[in-house]
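See structure below.
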Amino acid sequence: MPDPHEIHWFILAPSYWPLHIGPFGLSSSPSSSSSSSSTPSQREWESHCRIDFVGKMDYVYGPGRNHLFVPGPVNIPEPVIRAMNRNNEDYRSPAVPAMTKTLLEDVKKIFKTISGTPFLIPTTGTGAWESALTNTLSPGDRVISFLIGQFSLLWIDQQQRLGLDVDVIESDWGQGANLDIMASKLAADSRHTIKAICIVHNETATGVTNNLAKVRRILDDYRHPALLLVDGVSSICALDFRMDEWGVDVALTGSQKALSLPTGIGIVCASPKAMEASKTARSYRVFFDWKDYLKFYKMGTYWPYTPSIQLLYGLRAALDLIFEEGLDNVIARHTRLATATRLAVEAWGLKNCTQKEEWFSDTVTAVLVPPYIDSSEIVRRAWKRYNLSLGLGLNKVAGKVFRIGHLGNLNELQLLGCLSGVEMVLKDVGYPVKLGSGVGAAAAYLQNTTPLISSRI
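Just so we're aligned: 127 in this note's numbering is position 146 of the sequence shown, and the numbers increase by one with no gaps anywhere.
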């Protein structure tokens, strides 16, 4: 049992709970140890995963592969892993700029844009958010932003901290953006004080997808010049996304989502209108300044900062896989897997957190659990017993939902394995599920809808 007088350290684990480093090594800390006045019992201490100093691992290592079904980061395909398994290179050599040029041309295809200017920024989706805001807006600018879940909430927080005047349109968690309120605000804005509409295309906390085409129609109906800024972090390359057709001015995504890469590249694409706005935007920006990138674009070297060579080669391989399958086929596959997941949830007698079918996400399903079950226990047990990673409920839906991510490089049999694991976990926590019910419903649907693999016909 650890000495309470020893120094202990806490680090944040990638998924679920703090990890505790004490005199006996690394463990996931039980909730009782979060208080400085309490000491975990020997049983609590031993029941959680631990790495001791001699290297013994319990429940950190598990046989076979971890079944990763969080809504990002996602599974990385083997060709991408192999492409990244390389030494560093001089990014100023002729090879890296030549590859970067093709990457910039090809990422425009996943945004479905001809006129957009892409940026590959060494950052996460959060950095891509900041890039979109600071390059197009000035402190004090009025923007409309929709609060529908945890990630739209975080983007709103960023907007406010950057000094923007944010009109927040809030919906219940599980609902989509209230576009009627947006329309009324635009109708009343005859002086065009609203400079931008900020919207999360796909809110992974609740499994909600917003209708971007309708947002554009409303803007056009009122002939309003506001910029349309879209968080496509968990949608681009998985859901239908048409930057040019829908008049999106800035769209962004992250490498760790549907592109199926490690975290580390924020991909931003700006319309000519957004590029023009960047010339007068007065927000402070240094690392994310598009002008620095454009200067190096003109020089033909492309990089104002040192990029991750390995991620660039990984992006090249990931795009090649997407184009080999066909982007429209990739999107259809996501729809197919999402439909199968929803059929399984229905067969289990559970409900989707998303309140209307029109808002259903094809990249993540947030599953509501009965009030006598803590959804975090489902996530914890799935990982500890079955080596299955599911998404926690966040903020307002913490303890109420667990999330099944079904995006990226994923196929039908992988999904069925996940659904089988979820059924066993539900049984473990006392939910009266009939084993095979959800898997059977999903399998019946997939057996009738899964096409032949195009490269093997």
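Just so you know, even glycine gets a beta-carbon here, dropped at the ideal spot from N, CA and C.
Bridge partner(s) assigned by DSSP for residue i
| i | result |
| --- | --- |
| Val211 | Ile180 and Ala232 |
| Gln156 | Trp154 |
| Val439 | Given that the chain is displayed from residue -18 to residue 438, the structure contains no residue 439 and the question cannot be resolved. |
| Ala347 | Arg384 |
| Phe100 | Val249 |
| Gly307 | Partner(s): none; Gly307 has no beta bridge. |
| Pro341 | Before going further, note that residue 341 is Phe rather than Pro in the sequence given. Beta-bridge pairing links Phe341 to Val189. |
| Leu220 | Ile217 |
| His48 | Leu369 |
Contact under 8 Å by Cβ, residue i with residue j
| i | j | result |
| --- | --- | --- |
| Pro206 | His173 | yes |
| Lys381 | Ser356 | yes |
| Thr190 | Trp340 | yes |
| Thr346 | His387 | yes |
| Glu393 | Thr431 | yes |
| Leu308 | Leu331 | no |
| Pro52 | Thr185 | yes |
| Arg58 | Gly245 | This sequence places Pro at residue 58; Arg is not what is there. No; because the gap between Cβ atoms is not below 8 Å, this pair is not in contact. |
| Gly374 | Gly247 | no |
| Ala299 | Ser241 | yes |
| Gly235 | Thr81 | no |
| Val124 | Cys179 | yes |
| Trp227 | Lys377 | no |
| Ser216 | Phe222 | yes |
| Leu400 | Ala325 | yes |
| Leu396 | Phe383 | no |
| Asp138 | Lys166 | no |
Per-residue DSSP class, three states only, for residue i
| i | result |
| --- | --- |
| Pro285 | coil |
| Arg24 | Low confidence applies here, because Arg24 scores a pLDDT of 44, under 50, leaving its location unreliable and the question unanswered by this model. |
| Lys93 | coil |
| Cys334 | coil |
| Ile246 | coil |
| Thr190 | strand |
| Ser241 | coil |
| Ile434 | coil |
| Gly419 | helix |
| Ile62 | helix |
| Gly130 | coil |
| Ser370 | strand |
| Ile57 | coil |
| His173 | coil |
| Arg31 | Any reading at Arg31 must be qualified, since the residue scores a pLDDT of 40, below 50, and its modelled position is unreliable; the value itself is stated next. The answer is strand: DSSP assigns Arg31 an E or B state. |
| Tyr426 | helix |
| His315 | helix |
| Ser74 | coil |
| Ala164 | helix |
| Glu226 | coil |
| Trp329 | coil |
| Val41 | coil |
| Gly106 | helix |
| Arg204 | coil |
| Asn376 | helix |
| Gly402 | helix |
| Val414 | coil |
Beta-carbon proximity list for residue i, same chain, < 7 Å, skipping 5 on both sides
| i | result |
| --- | --- |
| Met224 | Phe92, Lys93, Thr94, Gly97, Ala232 and Cys250 |
| Asn69 | Ile290 |
| Tyr72 | Trp284, Thr287, Pro288 and Ile290 |
| Ser119 | Ala262, Arg263 and Ser264 |
| Glu305 | Ser436 |
Close-in-space but distant-in-sequence residues of the same chain around residue i (CB under 8 Å, 5 per side omitted)
| i | result |
| --- | --- |
| Arg323 | Asn333, Phe341 and Thr346 |
| Asp122 | Leu145, Asp146, Lys176 and Ala177 |
| Tyr367 | His48, Gly402, Met405 and Val406 |
| Leu416 | Glu404, Met405 and Lys408 |
| Val55 | Leu49, Gln237, Lys238, Ala239, Ser241, Gly386, Leu388, Gly389, Asn390 and Leu391 |
| Tyr353 | Gly411 |
Own chain partners of residue i with C-beta closer than 6 Å, once the 5 adjacent residues on each side are dropped
| i | result |
| --- | --- |
| Ser159 | Correcting the residue type first, residue 159 is Asn in the shown sequence and not Ser. Once the five neighbours on either side are set aside, the close Cβ partners of Asn159 are Ile150 and Ser152. |
| Glu111 | Phe269 |
| Asp230 | Leu208, Leu209, Ser252, Lys254 and Ala255 |
| Glu358 | Val410 |
| Phe100 | Val249 and Tyr274 |
| Gln156 | Gln336 |
| Ala328 | Ser418, Gly419 and Ala422 |
| Gly36 | Because the pLDDT at Gly36 is just 43, under 50, the model does not fix this residue reliably, and the point stays unresolved. |
| Leu369 | His48, Ala363 and Gly402 |
| Val61 | Gly295, Ala298 and Ala299 |
| Leu83 | According to the sequence shown, residue 83 is Thr rather than Leu. Counting only Cβ-Cβ distances below 6 Å, and skipping sequence neighbours, we find nothing. |
Proximity test, residue i beta-carbon vs the ligand PLP heavy atom, cut-off 7 Å
| i | result |
| --- | --- |
| Thr115 | With respect to small molecules bound, the structure shown includes none, and the ligand PLP cannot be examined in it. |
- Task: Could you pull out every unbroken alpha helix (DSSP H) segment of at least 4 residues lying fully inside the region 255 to 302, listed in chain order?
- Result: 271 to 280
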